[in-house]
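All remarks here apply to the structure that follows.
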Amino acid sequence: MTRADWFTLVRFLHILGAVVALGFSLSYGLWLARAEVAGGGARPFALRTISWIDRRLTTPAYVVQLVTGLVLVFLIDTSLLRQAWLEISIGLYALVVALAMSVYAPAHRRQTALAERLAEGEPVESEYAEVSAKARRFGLLVTGLTLLILVLMVFRPALWS
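In this text, residue positions in the sequence shown follow numbering that gives the first Met the number 0: the first is 0, and each later residue adds one.
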């Protein structure tokens, strides 16, 4: 394979990773909204399904993003690493990973546990609502930051450099 062939393959994988990662991430709110309307056992089912998708598809796709993005930089020109749009994107990616691991994932696990208790009839509505709101806020923040990375990747604004 030529260097151009490698570039095309890696770029395809990078775009595919973005579609998978963002596509599923954007669907999580829809799953949860539908589950809240249905109530009962739908909440824990939706939350467990989101976790299942996240472990098997979304998180691996975000890892593919990092790996293929770095490979693309080395296939094109490492001087890209000095471009503001890419520097900011890499910093935002690190922030997204840190927030997802330290805040969102624990809140999601707690929300799932409370949803299961709620479905069993335990009186944990207020605690569930509080944890659910926290998970929603951080989920929106992480998704918003991810969309900002996408904007930077597509438009590559000349910020400084």
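Heads up, the beta-carbon is just placed ideally off N, CA and C, and yes, glycines get one too. Predicted, not measured: the structure shown is a model, and the values here were computed from it.
Between residue 130 and residue 106 a beta carbon distance of about 6 Å is seen, short of the 8 Å cut, so the two are scored as contacting.
Nearest C-alpha to residue 44 among 112, 71, 69: 112. Within 10 angstroms of the beta-carbon of residue 53 lie 16 or more other beta-carbons, which makes it buried. Residue 159 counts as exposed, since fewer than 16 other C-beta atoms from the protein chains shown sit within 10 angstroms of its C-beta. For the pair residue 5 and residue 92, the Cα-to-Cα distance works out to about 24 Å.
Here the C-alpha atom of residue 80 lies approximately 13 Å from the C-alpha atom of residue 157. CA-to-CA, the gap between residue 114 and residue 145 works out to about 27 Å.
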